[in-house]
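A quick write-up on the structure given underneath.
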Amino acid sequence: MATYLARRIGQSLLAVFLTLTTVFLLLRLAPGDPAAAYAAPSATAADLARIRAEFGLDEPLITQYGIFLRDLCTGNLGTSYSFHASAFQVVMDRLPYTITLAVAAIAVTTVVAVPLGVWMARRADTKRELGTNVLTITGQSMPDFWTGMMLLTVFAVLLPVLPASGFTSWSGLVLPTVTVAVLQLALVSRLVRREMTTALAAPYTTVARSRGVSERALTWRYGLRNSAVPLVTALGTRFAALLNGVVVVEVVFGWPGVGSLVVRALETRDYPLIQATVLVTATLAILVQLLVDLAYPLFDPRVRLGKAA
Amino acid sequence: MTPSPHHAPPDRLSPREPLRRRTLLRLGALGGTGLALGPLSACAGPTGAPGPGTLTLGLNRSLVSLDNKLNQFDAAVTVQRAVRQALTRIGPGMRVQLVLADRFAMTEPTVWSVRLRAGVRYSDGSPVTVEDVATAVEMYGKVNGSFLLGLFPELPTVEKTGERTFRLHTRRPVTVLDRLMANIHITPAADNRPEELQSGVGSGPYKVIEANSGAGEYTLARNPRYWGRPAHVYTVRVRFVPEEAGRVIALRSGELDVVDTLTPDSAEQLTGLPGVIVQETSGARINQLFYNFRKPRGHPLADPRVRRALTYAVDGDALIRDVLTDSAEEAQGVVPLALEGAIPTGGYTYDPGRARAQLKALGAEGLRIRVIWESGEFAADSSVMEAVADMFRDIGVRTSLLQFEPGGDILKWRQGRAGDWDVIGNGFPGTTGQALTSLQGMYGGTPERERTRDTYMGYVVPDVQRRLEDAATETDATARARKLADVQHTIWNTWPSLWAFAPKTMLARRDRVHDLGLLKLNSYDLSAVRLEA
Amino acid sequence: MASVTSTPAAPTERPSAVTARDLARATATRQRRGARFKIWAGSVCTALVVLPVALAGLLPLPDANAQDLSERRLPPLTDGHLLGTDQLGRDLLSRILHGGQVSLSVGVLAVLVSGLIGIVAGSAAGFFGGWVDALVSRFLEAQLALPLLMMLLLVVALFGPSVTVITCVIAVAQWPEVARLTRSLVLVEREKPYVAAARVLGLRGWSVLTRHVIPNVVRPVSLVVLLLLAQAVLLESALSFLGAGPQRPFATWGRIISDGQAYLTTSWWLVTLPGLVIALLVVGVNLLGDGLRDRTRRRKGARA
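Residue numbers (my numbering), protein chains in the order written: chain A, 911 to 1219; chain B, 35 to 567; chain C, 38 to 341.
So, in structure tokens, the structure goes:
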């Protein structure tokens, strides 16, 4: 267990580090100048040079990278150019919003997709099941920003019952959550259906049935329990992906999360802020994956960590 | 009924491992929940609708700070001035009004005599002092890349002459110093820094009770110790709504009370809706399709006659009416007429036949024009560019469009360091309300500044620059006006822009909001605004 | 109903309690029917979008870039504009179809490239194992942790928003899926007798892989690639929406929508219709891929 954890954490740290380095390089190679984005259009070349020096951008790339690594080791992610505050703090201010949206979206997906998948497995290959399947595929096939705009038009313009943007009340969570959930409904429900179908056709189910176990118990205790590991994996992966970026949905709904922050940070070439965002979200995503892996044995005692992997 | 997976019979698991795993999981879950919900409870109330005593403003750009040392967008001024004040301000009709000062007069060409108003205090009760003013001027001077600094030909020095009186000295006459000082916000000297302040107090009618600069959200409450007439509205919430469509929808539904800096399209969508009032006034900003003045001698565009001929291709009326939906006025001069000292110098004519004929006569047929701009430089920018490209096609000029995303390399291109271009879509703000400042900013380029590419698109005309300088230091108002008028005609005749327009300043508000005096500078006095119960 | 069943029905005189009606209700029949429906519906949806897009040049349509400022934002079905006009008076249908050519070619090219990278990397990892496998697998894992869309935006900013760059960027975003599947399939194939036979015959590793193993995994992989096409189209439109689309005057689907966003409350068609077209195409491709997969899976099941 301990060695397994250590190896996993070591690998994760390496992945985060490589990601950060890639982003660091990409940022500095990409066109665009933080000083120009920061200063007024009327700023002179001398002004810009002063700002670059202030940001430490006049150093050679390798020196900048060295400083970046040194600061990283001391936990300093730098000061955001545009917010004039600790980049880490700015990200942490926004993070709760993204986490809230991700949690809500995953919760809604689970609550809808799991029963739906179970139902689909029990009604496998009927016309109604086919229709439901096509419907969820349709949900998955719509561009998320478009779905968002359509929902906005209906629920904020035509029937103004929900707020259009931002997080001023819990009702503001509804539309973004639905937009994200619609997208992943097909994925999760299909997964549950497949696993359930396999489980319900397995010999042990037949045995259990012959011993008089009720259909309900068969479905939930035997069938679903056996689908738990792939289900948790899928949900965990989706959750991690959401933490890494519901960029488009956040932009459409003016959601003050990390995704819209990163778009803005890109527009101002706010290097420290972008780096901090990447560090925080990538770490979180990897952490979630790790927790999911750790959780396997809870759902399936046959899994022994460290041996399978 | 449904056994949850967590209730797995314990005997099936080995005794030690799951405990540790569970502890980990539990810690993770707890931490996650705390992280997710902690700060949120403070931000979100039970409903989204603003309360009866709360005014909610929806800005389209994030207000990073309530200090203005670096902020350049005009609408921010409304909120910033509600908290921090300056000695003066630009009021209705572009006139100077005294705020923290009760006397601000030029006593000699290079000396202004100022007296602070008696009894002005910050929201913490401490008095506003001459030292605060001196420190403020010094701090603004030290800010790198400040837009405001660019407006000052030189920063004044403060000489204290009494408890409340001081003199402002400049080396050369700065005839608009009283206007320029409207941009220097005063805050206690001890807390002032040469950067944007994230906290601190001001002397304005409102004080900050909650700030989330990362999200651009602020809550202001009436300042009970305000030295002047107290504000009408008790609470003001400032929100950042990045998407224009989102702002429009939120205003429609009453989530927002005021949205400023409307785009033409949102104005069109909001006009005539029940409960919504669209307010407009002419604007101090000018948006131009400016020629590249760094073309080598002999290039067609280096010839003012070619530049003029091309202007005939642009159907300005159609652009204003159809693309900008009457939310702008075609420029009749080189700066917007709303600015003090601006005069009409001519107009743009649409005559594609003449354009074609003159280009032919000048031997500039088969021109290829590359138009560059940055997304969001002005409202409906890409539509304007695409329409202009289409108009050029009608006179046989081939056009390529190059759109930059914010944060991209447009500055390098502007300076002519990245690639060749012919026309740039660019906006120039009229922050001081003075034609002179805008004229100097755009047309006052010198060969020395061009060496570092610090002129406006390479516009260097020594004669124009000399006469602008002359007008700027002229202390006699009538003579200054005359000189300024003359030089504007001269500039017009160099045909600097393919086309230009002054967008109207537009704002939409719910009808429960009253007494919102929108100024041409795209700001208003927040303390005068009233809310219907 | 029972008499028209298309199952290889036994002659009626066969002494069996299984009636034609039972056969029609059998799981296998229903599965086949489901797969057939998906393939059929998917093809129709895809064709409804792809054919007009491919034939856009031949259709009697106004020029996609011909503006008429006096005819801006006409609602659908006015003055010969089937889907109305946009904010500059251009025919929306024509713009959607011509824009679709850009969006679709980006999608198809991206999928081809990612399929190629994915198959090569995945089969090498699966077949040779060892350090090749470790390298590819680490890459796959690392990419999962990346904030993908943000990286794509950065890369597009770095190399400029040209069609080539956007194609490559999408391909790079998508190769892991192909690689992972190929790897798992090759792992299975590797152990089969014919591979051993080929080795015994003296074929070198690479030739075994390319001549024997890959042809056996290409079919299932190509199905996934079809599903990736749907994602590629969505990804391209998301990039265009965020401003990282190909330079104007290329009209892509994402750009048409994001330009139309400003008119959401007054001119619904500018956003709704292009979105519907994207959704129709993607639904079609997804259904088609799904149906084909269902069919092969069942066949394999039957053979086993």
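Each residue gets a CB set at the ideal place from its N, CA and C atoms; glycine is no exception.
All of these numbers come straight from a predicted model, not from anything done at the bench.
In the structure shown, what three-state DSSP assignment does A/Y1132 receive?
-> helix
Which value, in whole angstroms, describes the spacing of the CA atoms of B/L53 and A/D1203?
-> For B/L53, the pLDDT reaches just 46, beneath the cut-off of 50, and the residue's location in the model is therefore unreliable, although a value from the coordinates is still provided. Taking the straight line joining both Cα atoms gives about 15 Å.
In angstroms with no decimal places, state the Cα-to-Cα distance between B/A414 and A/I961.
-> 31 Å
So, is A/V1156 buried or exposed, given that buried needs 16 or more other C-beta atoms within 10 angstroms?
-> buried
If you measure beta-carbon to beta-carbon, which residues of the stretch 960-992 of chain A are closer than 7 Å to chain B?
-> R960, I961, E964, S992
Tell whether a beta-carbon distance below 8 Å holds between C/L190 and C/A281.
-> yes
Using a C-beta to C-beta distance shorter than 9 Å, which residues of chain A count as neighbours of C/L301?
-> M1059, L1062, T1063, V1067
Within chain B, partners of A/A1192 - CB distance below 8 Å | By Cβ distance, chain B contributes nothing, its closest Cβ being about 16 Å from A/A1192, past 8 Å.
What are the residues of the stretch 251-270 of chain C that lie near chain A, defined by any Cβ-Cβ distance shorter than 9 Å?
-> A267, V270
Which first and last residues belong to the alpha helix (DSSP H) in which B/K394 is found?
-> Its alpha helix (DSSP H) spans residues 386-395.
Give the residues of chain A in contact with C/T64, contact being defined as C-beta atoms less than 8 Å apart.
-> A1034, D1035
Using a Cβ-Cβ distance under 8 Å, would B/A542 count as near chain C?
-> no
Do you know whose CA, among A/A916, A/L915, A/L936, A/R1131, lies nearest A/V1188's CA?
-> Of the candidates A/A916, A/L915, A/L936, A/R1131, the one whose C-alpha sits nearest the C-alpha of A/V1188 is A/L936.
Answer yes or no: does any C-beta atom of chain B fall closer than 8 Å to that of A/R1103?
-> Taking Cβ atoms only, chain B never reaches closer than 8 Å to A/R1103, which makes this a no.
Contact set between B/T486 and chain A, taken where Cβ atoms lie within less than 8 Å = The answer, in chain order, is T954, A955, A956.
Which residue's Cα is closest to the Cα of A/G920: A/L1197, A/A956, A/R1212?
-> A/L1197
Quick one: which chain B residues come within Cβ less than 7 Å of C/G280?
-> S409, E439
Assign B/F30 to one of three DSSP states: helix, strand, or coil.
-> This structure cannot speak to residue 30 of chain B, because chain B is shown only from 35 to 567.
Of all Cβ atoms in chain C, is any one closer than 8 Å to the Cβ of B/S233?
-> no
Pull up the DSSP beta-bridge partners for B/Q322, would you.
-> B/N460, B/A534
Applying a beta-carbon distance threshold of less than 7 Å, which residues of chain A neighbour B/D443?
-> P941, G942
Would you call B/H219 buried or exposed, if buried means 16 or more other Cβ atoms sit within 10 Å of its Cβ?
-> buried
Where does C/A47 fall in DSSP's three states?
-> Note that C/A47 scores a pLDDT of 49, beneath 50, so its modelled location is shaky; the value from the coordinates is reported in the next line. C/A47 carries a coil assignment under DSSP once its states are collapsed to helix, strand and coil.
Which parts of the stretch 159-202 of chain C are runs of the alpha helix (DSSP H), unbroken and 4 residues or longer, counting only runs that do not cross its ends?
-> 167-182, 185-196
Is it buried or exposed for C/W168, if we count other Cβ within 10 angstroms and need 16 for buried?
-> Result: exposed.
Shorter than 8 Å from the beta carbon of A/S1075 to some beta carbon of chain B?
-> yes
If you check the beta carbons only, do B/G410 and A/F993 fall under 8 Å apart?
-> no
Would you please verify whether the beta carbon of A/V1173 is less than 8 Å from any beta carbon of chain C?
-> yes
Residue burial classification, B/T509 (beta-carbon count within 10 angstroms, cutoff 16) = Exposed, by the Cβ-count rule.
Have a look at the DSSP bridge pairing and note the partners of C/L125.
-> Looking at the DSSP assignment, C/L125 forms no beta bridge with any residue, so it has no partner.
C/L56 versus A/A1150: straight-line alpha-carbon distance, rounded = What sits at residue 56 of chain C in the sequence shown is Thr, not Leu. So the two alpha carbons sit approximately 51 Å from each other.
Return the Cβ separation of B/M540 and B/E314 in integer angstroms, given the expectation that the two are a contact with Cβ distance under 8 Å.
-> 5 Å
Is the beta carbon of C/D327 sitting closer than 8 Å to the one on C/Q124?
-> no
Tell me whether B/H548 is buried or exposed, calling it buried when 16 or more other Cβ atoms sit within 10 Å of its Cβ.
-> exposed
Under 7 Å from the C-beta of A/L928: neighbouring residues of chain C = A179
Contacting positions in the stretch 1133-1158 of chain A - beta carbon closer than 9 Å to chain B | L1134, R1135, A1138, V1142
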